[in-house]
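> Submitted below is the structure of interest, expressed as structure tokens.
The following block contains the structure:
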């Protein structure tokens with residue numbers, strides 16, 4: 001009896017230890033994102049390596065703060081985050097510098113999708129102008145970002161309160177100035193103020209304000225627009241002639257991971273063309289590598305870039321390093337002058 | 341003897357909690373005197389610039405607006421909550437007392453966020469309130485209620501009313517009804533009994549309710565950001581906008597500490613008033 005119990009305990013301990021060694025821990029967002037990664041990248045990775053994947057979830061900044069606290073003994077092996085927040089990870093020494101010889105699929109990466117030598121795009125999306133076709137004045141189609149400043153849009157526009165970089169990028173673009181010279185575009189931004197009605201703090205509020213008609217024009221996340229259109233809200237997402245603001249969710253390897261080789265395999269799996277096609281379909285997002293067979297229903301959505309040429313033509317890219325360094329100053333100026 | 345023993349046995353855990361709280365405050369304080377480094381979450385060296393920045397007109401106006409909204413909300417909640425609390429305690433019908441209690445505590449089963457969303461639907465241009473006003477012919481165009489100070493105050497009143505009502509009910513329930521009977525027996529009418537006996541004896545409960553509602557609303561975040569739509573910002577929203585969302589943790593620590601001092605000052609003043617009133621009635 002004693003021998004039996006000892007054997008059972010030993011096997012439990014060994015299997016626990018074995019599981020702990022073999023699991024790859026991925027740090028990312030919860031909800032639909034978690035489901036997306038498990039159904040696509042994790043599935044391919046586990047099929048190829050036999051190693052299961054566990055996702056630890058949280059908000060973007062919360063995960064960054066946690067990563068800083070556990071820097072010397074990281075809890076995850078791979079990290080997903082947005083491109084500009086990724087620069088905060090890089091500046092704090094939290095990402096491995098990538099050895100691209102270990103990521104064969106990276107050779108197909110669209111140039112604008114490479115955030116840095118430390119973090120790479122996973123999928124692309126846009127921030128652009130969405131509008132209620134039943135509530136905006138006739139003739140307003142947002143063929144240009146300049147139309148946001150039309151007097152007939154007084155008190156109709158909603159903007160994000162957590163990221164002023166989008167509208168600042170647009171203002172500098174329209175004024176013909178580089179992003180670094182944003183202060184010269186401040187009069188342009190102030191001229192927009194009468195048209196601003198409200199500011200949303202998250203996707204749920206953005207959707208609520210748009211679908212209720214409180215802010216029939218918004219600069220918002222493309223996936224939110226697609227979801228509302230699918231729900232029957234009479235909405236159009238415009239891609240102005242100047243282009244739409246590119247957003248990039250990125251993947252990186254956590255510095256100090258003890259499973260470096262497995263982490264590289266996971267990143268490589270994320271850039272696999274088949275996986276990218278699945279991600280594009282599930283997330284209604286742009287793939288980041290060339291040679292992906294994008295679902296036709298997804299490809300025809302405004303703001304989906306199916307080719308490198310579309311990325312070059314329609315995507316307005318901000319320097320994420322500048323964005324990470326300046327976002328604090330931009331948000332502070334925006335809160336003081338545009339919101340209050 | 342037993343009380344002293346109980347006091348001593350609770351001293352250690354209370355001391356540990358106080359120590360943890362003090363440690364957290366010290367950590368926040370040390371952040372507030374550090375420099376922000378753009379592009380990094382690691383703060384820099386010692387600086388008093390964060391406190392110097394508080395002189396900007398925006399912060400003063402947000403502080404004053406927050407104080408004003410909290411005071412206004414507390415007064416409105418008191419005016420609505422007192423009758424509810426009184427009848428929750430004094431109604432003869434047990435069914436009525438239970439019904440009032442249920443109505444008061446039911447909102448607490450929902451968090452701030454769903455209740456704030458409900459107010460967006462109620463107060464919106466196409467919401468229930470504008471719809472009702474249009475239907476009875478009082479207005480022909482929607483009245484702007486969302487994204488206004490009034491709209492946020494209405495939502496805050498709804499959210500904090502249960503707290504005031506329950507605190508008042510506890511206070512009123514402790515008033516010995518013999519005092520009221522004595523006053524009636526000496527010829528006082530019900531209004532005079534209320535004004536000269538019940539109301540003065542319930543002042544400690546009123547002040548406790550006022551302090552609680554004031555403190556709760558001072559730290560309100562979800563309701564002003566949703567019902568206010570970024571146009572009506574209270575101090576917590578500014579802490580988020582200029583601190584967390586801007587990766588400026590030192591400045592958010594500064595704003596948070598100043599807010600804590602402001603609330604403690606108000607609570608201290610109200611507490612002092614409460615003690616003076618208590619002494620006066622003891623005499």
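Protein chains in written order, with our numbering: chain E, 1 to 340; chain R, 341 to 623.
Note that the Cβ used here is the ideal one computed from N, Cα and C, for glycine as well.
#1: Which first and last residues belong to the beta strand (DSSP E) in which residue 497 (chain R) is found?
#2: By the DSSP assignment, the alpha helix (DSSP H) with residue 421 (chain R) in it spans what residues?
#3: Below 7 angstroms between beta carbons is the criterion; list the residues of the stretch 464–497 of chain R that meet it against any residue of chain E, in chain order.
#4: Tell me which residue opens and which closes the alpha helix (DSSP H) that residue 49 (chain E) is part of.
#5: Ordered along the chain, which non-local residues of its own chain (more than five positions away) have a Cβ less than 7 angstroms from that of residue 37 (chain E)?
#6: Do residue 24 (chain E) and residue 69 (chain E) have their C-beta atoms within less than 8 angstroms of each other?
#7: Classify residue 27 (chain E) as helix, strand or coil using the three-state DSSP reduction.
#8: Quick one: does residue 431 (chain R) have its CB under 8 angstroms from some CB of chain E?
#9: Are the C-beta atoms of residue 95 (chain E) and some chain R residue less than 8 angstroms apart?
#10: Is it buried or exposed, residue 564 (chain R), if we count other Cβ atoms within 10 angstroms and call 16 or more buried?
#11: Using three-state DSSP, classify residue 559 (chain R) as helix, strand or coil.
#12: Can you tell me whether DSSP reads residue 169 (chain E) as helix, strand or coil?
#13: Give a yes or no on whether 8 angstroms exceeds the smallest Cβ distance from residue 231 (chain E) to chain R.
#14: Please confirm whether residue 224 (chain E) has its beta-carbon closer than 8 angstroms to some beta-carbon of chain R.
#15: Determine the DSSP secondary structure at residue 535 (chain R), reduced to helix, strand or coil.
#16: Residues of chain R with CB under 9 angstroms from residue 61 (chain E), in chain order?
#17: Find the residues of chain R that neighbour residue 92 (chain E), judging by a C-beta separation of less than 8 angstroms, and give them in chain order.
#18: Any C-beta of chain R within less than 7 angstroms: which residues of the stretch 138–163 of chain E qualify?
#19: Rounded to whole angstroms, what is the Cα-Cα separation between residue 287 (chain E) and residue 255 (chain E)?
#20: Determine the DSSP secondary structure at residue 317 (chain E), reduced to helix, strand or coil.
#21: With a cut-off of 8 angstroms on the beta carbons, I'd call residue 572 (chain R) and residue 487 (chain R) a contact; round off their distance for me.
#22: Note down, in chain order, all residues in the stretch 544–573 of chain R with a beta-carbon under 8 angstroms from any beta-carbon belonging to chain E.
#23: Express the C-alpha separation of residue 463 (chain R) and residue 491 (chain R) in angstroms, rounding to a whole number.
#24: Can you tell me which of the three DSSP states residue 260 (chain E) falls into?
#25: Tell me which same chain residues have a C-beta within less than 7 angstroms of the C-beta of residue 301 (chain E), skipping the five on either side of it?
#26: Alpha carbons only, please: which of R:361, R:349, R:617, R:489 is nearest the one belonging to residue 408 (chain R)?
#27: With three or more C-beta pairs closer than 8 angstroms as the rule, is the stretch 108–124 of chain E touching the stretch 292–311 of chain E?
#28: So is residue 457 (chain R) in contact with chain E if we call contact Cβ pairs under 8 angstroms?
#29: Enumerated in chain order, which unbroken segments of the beta strand (DSSP E) with a length of 3 residues or greater are wholly contained in the stretch 93–166 of chain E?
#30: Does the stretch 552–571 of chain R come close enough to the stretch 402–418 of chain R to have 3 or more Cβ pairs within less than 8 angstroms?
#31: What are the residues of the stretch 389–413 of chain R that lie near chain E, defined by any Cβ-Cβ distance shorter than 8 angstroms?
Taking the geometry as given:
#1: Here residue 497 (chain R) belongs to no beta strand (DSSP E); instead the alpha helix (DSSP H) covers 489–513.
#2: 397–430
#3: 464, 465, 466, 486, 487
#4: 41–49
#5: 26, 28, 55
#6: no
#7: strand
#8: no
#9: no
#10: buried
#11: coil
#12: helix
#13: no
#14: no
#15: helix
#16: 381, 584, 585, 587
#17: 380, 381, 382
#18: 161, 162
#19: 26 angstroms
#20: coil
#21: 7 angstroms
#22: 565, 566, 569, 570, 571, 573
#23: 7 angstroms
#24: helix
#25: 226, 284
#26: R:489
#27: yes
#28: yes
#29: 119–132, 157–160
#30: yes
#31: 396, 398, 401, 402
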